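**Student:**
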Amino acid sequence: MSLDKVIAISGKPGLYKLITQTRGGFVAESLIDNKRLSVSVQNNVSVLSEIAIYTLTEEVPLKQVFENIKKKEDGGITSVKPKDSKDKLEEYFFDVLPDYDEDRVYASDIKKVIQWYNLLHKHDMLNGLTDDEDHAEAIDEEE
Numbered sequence: 001m002s003l004d005k006v007i008a009i010s011g012k013p014g015l016y017k018l019i020t021q022t023r024g025g026f027v028a029e030s031l032i033d034n035k036r037l038s039v040s041v042q043n044n045v046s047v048l049s050e051i052a053i054y055t056l057t058e059e060v061p062l063k064q065v066f067e068n069i070k071k072k073e074d075g076g077i078t079s080v081k082p083k084d085s086k087d088k089l090e091e092y093f094f095d096v097l098p099d100y101d102e103d104r105v106y107a108s109d110i111k112k113v114i115q116w117y118n119l120l121h122k123h124d125m126l127n128g129l130t131d132d133e134d135h136a137e138a139i140d141e142e143e
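Counting from 1, position 36 in the sequence shown corresponds to residue 36 in the working numbering; the numbering is continuous, with no gaps.
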């Protein structure tokens, strides 16, 4: 599953999988407890594929950050916990994304990225990080 179908809802913990669209919003299923909820258009929702992390030179898509964590951890869960100290989280994130912008990426953001990565890992959803678009572009280039 690509990150296009995974969302974060402001004020709600964890991540949600998009199930279906409704007249006034959509239905999402929690990756934490598998409960479904109706999400209206008034909710502040972020699609993971559209989130990026600030670096000193550009914005790096969250997908790339997850891929960097996956490489660092050899496909396993993170070696740090979201509740570790701010210094430990920042040190870990420097290993993952060496030029991230410390002024605009806060410890709370790093905690979320680590929580989200571990949640996606738990549900075996990190294998779909390579976009179908990237795959389609590669096929087009071969032809």
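Cβ atoms here follow ideal geometry from the backbone N, Cα and C, with glycine treated the same way.
Since we're looking at a predicted model, the values are computed, not measured.
Tell me which residue opens and which closes the beta strand (DSSP E) that Lys-17 is part of.
**Tutor:** Position 17 of the sequence shown holds residue 17. First-last of the beta strand (DSSP E) with Lys-17: 16-22.
**Student:** List the endpoints of the continuous alpha helix (DSSP H) containing Ile-110.
**Tutor:** Counting from 1 along the sequence shown, the entry for residue 110 is found at position 110. Looking at the DSSP string, the run of the alpha helix (DSSP H) that includes Ile-110 is 107-122.
**Student:** Alpha carbon to alpha carbon, how far is Arg-144 from Tyr-92?
**Tutor:** The structure shown does not extend to residue 144, since the chain spans only 1 to 143, so no value can be given for it.
**Student:** Taking 8 Å as the threshold (C-beta atoms), are Lys-72 and Val-39 in contact?
**Tutor:** Residue numbering aside, residue 39 sits at position 39 when the sequence shown is read from its first letter. Residue numbering aside, residue 72 sits at position 72 when the sequence shown is read from its first letter. Cβ distance not < 8 Å, so Val-39 and Lys-72 don't count as in contact.
**Student:** Does DSSP classify Leu-37 as helix, strand or coil?
**Tutor:** Stepping through the sequence shown from its first residue, residue 37 is reached at position 37. Reduced to three states, the DSSP call for Leu-37 is strand.
**Student:** Looking at the structure shown, is Val-96 part of a helix, part of a strand, or coil, going by DSSP?
**Tutor:** Position 96 of the sequence shown, counted from the start, is the residue given in the question as residue 96. It is helical.
**Student:** If you reduce the DSSP assignment to three classes, tell me which class Val-80 lands in.
**Tutor:** On the sequence shown, position 80 is the one that residue 80 refers to. Coil.
**Student:** Would you mind working out which of Gly-11, Tyr-16, Lys-12 sits nearest Leu-119, comparing C-alpha positions?
**Tutor:** Position 119 of the sequence shown, counting from 1, holds the residue named residue 119. The candidate whose alpha carbon is nearest that of Leu-119 is Tyr-16.
**Student:** Check whether the Cβ of Gln-21 sits closer than 7 Å to any heavy atom of the ligand SAH, and report yes or no.
**Tutor:** This structure simply doesn't include the ligand SAH, nor any ligand for that matter.
**Student:** Report, in whole angstroms, the separation of the C-beta atoms of Asp-4 and Ser-49, which I expect to be a contact under 8 Å.
**Tutor:** The sequence position of residue 4 within the sequence shown is 4, counting from 1. The sequence position of residue 49 within the sequence shown is 49, counting from 1. Between Ser-49 and Asp-4 the Cβ distance is about 5 Å, and since that is below 8 Å, they are a contact.
**Student:** Could you have a look at Ile-53 and say whether DSSP puts it in helix, strand or coil?
**Tutor:** Position 53 of the sequence shown holds residue 53. Reduced to three states, the DSSP call for Ile-53 is strand.
**Student:** Run through DSSP, which three-state label would Glu-144 get?
**Tutor:** Residue 144 is absent from the model: the chain starts at 1 and stops at 143.
**Student:** Skipping 5 residues on each side, what residues in its chain have a beta carbon closer than 8 Å to that of Arg-104?
**Tutor:** As a position in the sequence shown, residue 104 is number 104, starting the count at 1. Once the five neighbours on either side are set aside, the close Cβ partners of Arg-104 are Tyr-54.
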